[in-house]
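Peer 1: Going left to right, the sequence shown walks through residues -25 to -1, 1 to 249 as mature numbering (1 follows the signal peptide of the UniProt record, and there is no 0) numbers them.
Structure below; questions to follow.
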Amino acid sequence: MMKRRFMTTMMALVAAIAVAGSVQAKALMMATTTSTDNTGLLDYLAPEFTKDTGIELKWTSVGTGKALKLGMNCDVDVLLVHAPPAEKKYIKDGYAESRKEIMFNDFVIVGPEADPAKVKGMAVEKALATIRTKGKTFVSRGDNSGTNKKEKLLWKAAGGPLPEKEAWYVQTGQGMLASLNITAERGGYTMTDRGTYIKYSHKNGGNPPLKVLVEGGAILKNQYSVLILNSSNCPDAQKELAEAFSAWMAGDRAQKLIADFRLLGMALFTPNAQ
């Protein structure tokens, strides 16, 4: 009797180990930008992805520059990022095999309601040039994230170099929510993606200290894409699972889930998979 119980217990243990191994084999590790995490989008999508595919989604949330580096070093299996020029170069350099556009939102310039630089309603290039001329506090993430990469391009479009040595230009080296809080404390301006701003507004009861002052125009579009790593560079990356994630994100169900993801009655992202 004891021997039979022992054998039954051992068989159950072996089965549990086998199941655990199977689950572990179906875990996908992703590097992604802080905005997809901070907004709560991934917490909302991940259980649905697992339900549909049986694949557990794990992720690390960093700036796009760091996410690309993690992919380059083969520390993850797939990327979800938002810096199209850098992504296209990444593919050209042989670090990724493909790029699939999934969704977008837009960048906005926010600042105190009093708007000390008087930039409200300006085109973004003129607004940044005005902030530069008046020397008003501007807070930058300064972390090589997708948002920071875009901000650098916009300063160039506004004319003149990046004002990184100016006393009024503050680099936090932190994520977007933290940078928004620092901006509010200093009464300055910053650039954020709209999704994170809506989350920030929600955290402040719908009446945040920073208001959207500059918005609109194709130059402020913020595109998010899934990148599949190049097997030649990362032979151990779980390509099949990464492709399943990319296909799922571009599929009708995930696209509808993204469209339905709202806070304060506002969509944080707009699906646009082709």
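Built from N, CA and C at the ideal position, the CB exists for glycine as well.
In this structure, does DSSP put Pro60 in helix, strand or coil?
Peer 2: On the sequence shown, residue 60 is found 85 positions in, with the first residue counted as 1. Note: Pro60 maps to helix in three-state DSSP.
Peer 1: Glu139 by DSSP, collapsed to three states: which one?
Peer 2: Translated into positions along the sequence shown, residue 139 becomes position 164. Glu139 falls in the coil class under three-state DSSP.
Peer 1: How would you call Ala229, buried or exposed, if buried means at least 16 neighbouring beta carbons within 10 angstroms?
Peer 2: Sequence index remark: in the sequence shown, residue 229 carries index 254 (1-based). Buried, because 16 or more other Cβ atoms sit within 10 Å of the Cβ of Ala229.
Peer 1: Which residues mark the beginning and the end of the alpha helix (DSSP H) in which Ser221 is found?
Peer 2: Locating residue 221 in the sequence shown gives position 246, where the first residue counts as 1. Where Ser221 is concerned, the enclosing alpha helix (DSSP H) stretches over 214 to 225.
Peer 1: Quick check: the Cα distance between Ala159 and Gly96, rounded to an integer number of angstroms?
Peer 2: Here residue 159 corresponds to residue number 184 of the sequence shown, with the count starting at 1. Here residue 96 corresponds to residue number 121 of the sequence shown, with the count starting at 1. C-alpha separation (whole angstroms): 20 angstroms.
Peer 1: If distances are taken between C-alpha atoms only, which option among Asn48, Gly162, Gly40 comes closest to Pro59?
Peer 2: If you number the sequence shown from 1, residue 59 lands on position 84. Comparing Cα-Cα distances from Pro59 to each of Asn48, Gly162, Gly40, the minimum goes to Gly40.
Peer 1: Could you give the uninterrupted runs of the beta strand (DSSP E) lying entirely in the stretch 152 to 212, keeping only those of 3 residues or more?
Peer 2: Qualifying beta strand (DSSP E) stretches, in chain order: 164 to 168, 185 to 189, 196 to 204.
Peer 1: Restricting to Cα atoms, I'd like to know which of Asp68, Glu62, Pro91, Asn247 is closest to Lys125.
Peer 2: Within the sequence shown, the letter at position 150 stands for residue 125. Out of Asp68, Glu62, Pro91, Asn247, Glu62 has the C-alpha closest to the C-alpha of Lys125.
Peer 1: With a threshold of 16 other CB atoms inside 10 Å of the CB of Arg237, please say whether the residue is buried or exposed.
Peer 2: Counting from one through the sequence shown, the residue named residue 237 turns up at place 262. It is exposed - the Cβ of Arg237 has fewer than 16 other Cβ atoms within 10 Å.
Peer 1: Which of the three DSSP states, helix, strand or coil, is assigned to Gln249?
Peer 2: Looking up residue 249 in the sequence shown gives position 274. Reduced to three states, the DSSP call for Gln249 is coil.
Peer 1: Using only alpha-carbon positions, find the residue among Ser207, Asp168, Thr245, Leu195 that is nearest to Met47.
Peer 2: Here residue 47 refers to the residue found at position 72 of the sequence shown. Closest option to Met47, Cα to Cα, is Ser207.
Peer 1: With Thr122 and Met151 assumed to form a contact (beta carbons below 8 angstroms), what rounded beta-carbon distance in angstroms separates them?
Peer 2: For the purposes of this step, residue 122 is taken as the residue at position 147 of the sequence shown. For the purposes of this step, residue 151 is taken as the residue at position 176 of the sequence shown. Correct: roughly 6 angstroms between the Cβ atoms.
Peer 1: Roughly how many angstroms lie between the CA atoms of Ser115 and Met166, to the nearest whole one?
Peer 2: Numbered from its first residue, the sequence shown carries residue 115 at position 140. Numbered from its first residue, the sequence shown carries residue 166 at position 191. Cα-Cα distance, rounded: 7 angstroms.
Peer 1: Between Tyr199 and the rest of its own chain, which residues show a CB-CB distance below 6 angstroms, the 5 nearest in sequence each way excluded?
Peer 2: Within the sequence shown, numbered from 1, the residue matching residue 199 stands at position 224. Answer for Tyr199: His57, Ile77, Met78, listed in chain order.
Peer 1: Measure the C-alpha to C-alpha separation of residue 250 and Asn13 and round it to an integer number of angstroms.
Peer 2: Any question about residue 250 goes unanswered here, given that the chain covers just -25 to 249.
Peer 1: Whole angstroms is fine: what's the gap from Glu218's alpha carbon to Thr171's?
Peer 2: Start at 1 with the first residue of the sequence shown, and residue 218 comes out as number 243. Start at 1 with the first residue of the sequence shown, and residue 171 comes out as number 196. Near 27 angstroms, if we compare the C-alpha coordinates of Thr171 and Glu218.
Peer 1: Shortest alpha-carbon distance to Asp81 belongs to which of Phe220, Lys231, Val187, Ala225?
Peer 2: Residue numbering aside, residue 81 sits at position 106 when the sequence shown is read from its first letter. If we check each option's Cα against that of Asp81, Val187 comes out closest.
Peer 1: Quick one: what's got a C-beta closer than 6 angstroms to Ala242's C-beta in the same chain, skipping five residues either side?
Peer 2: As a first step, residue 242 must be located in the sequence shown, where it is residue number 267. There are no such residues.
Peer 1: Should Thr35 and Ala6 be called a contact, given that it needs their Cβ atoms to be closer than 7 angstroms?
Peer 2: In the sequence shown, counting from the first residue as 1, residue 35 sits at position 60. In the sequence shown, counting from the first residue as 1, residue 6 sits at position 31. Closer than 7 angstroms, so yes.
Peer 1: Distance check for Ile194 and Thr245, CA to CA, integer angstroms please.
Peer 2: As a first step, residue 245 must be located in the sequence shown, where it is residue number 270. As a first step, residue 194 must be located in the sequence shown, where it is residue number 219. Distance between the alpha carbons of Thr245 and Ile194: 16 angstroms.
Peer 1: Which of helix, strand or coil does DSSP assign to Ser(-4)?
Peer 2: In the sequence shown, counting from the first residue as 1, residue -4 sits at position 22. Confidence is the limiting factor: at Ser(-4) the pLDDT is only 40, short of 50, which leaves the residue's position unreliable and the question unanswerable from this model.
Peer 1: Using the rule of at least 16 other Cβ atoms within 10 Å of the residue's Cβ for burial, across every protein chain shown, is Leu32 buried or exposed?
Peer 2: Against the sequence shown, residue 32 aligns to sequence position 57. So Leu32 counts as buried.
Peer 1: To the nearest angstrom, report how far apart Asp235 and Leu16 are at their CA atoms.
Peer 2: For the purposes of this step, residue 235 is taken as residue 260 along the sequence shown, with counting starting at 1. For the purposes of this step, residue 16 is taken as residue 41 along the sequence shown, with counting starting at 1. Rounded to the nearest angstrom, the two C-alpha atoms are 11 angstroms apart.
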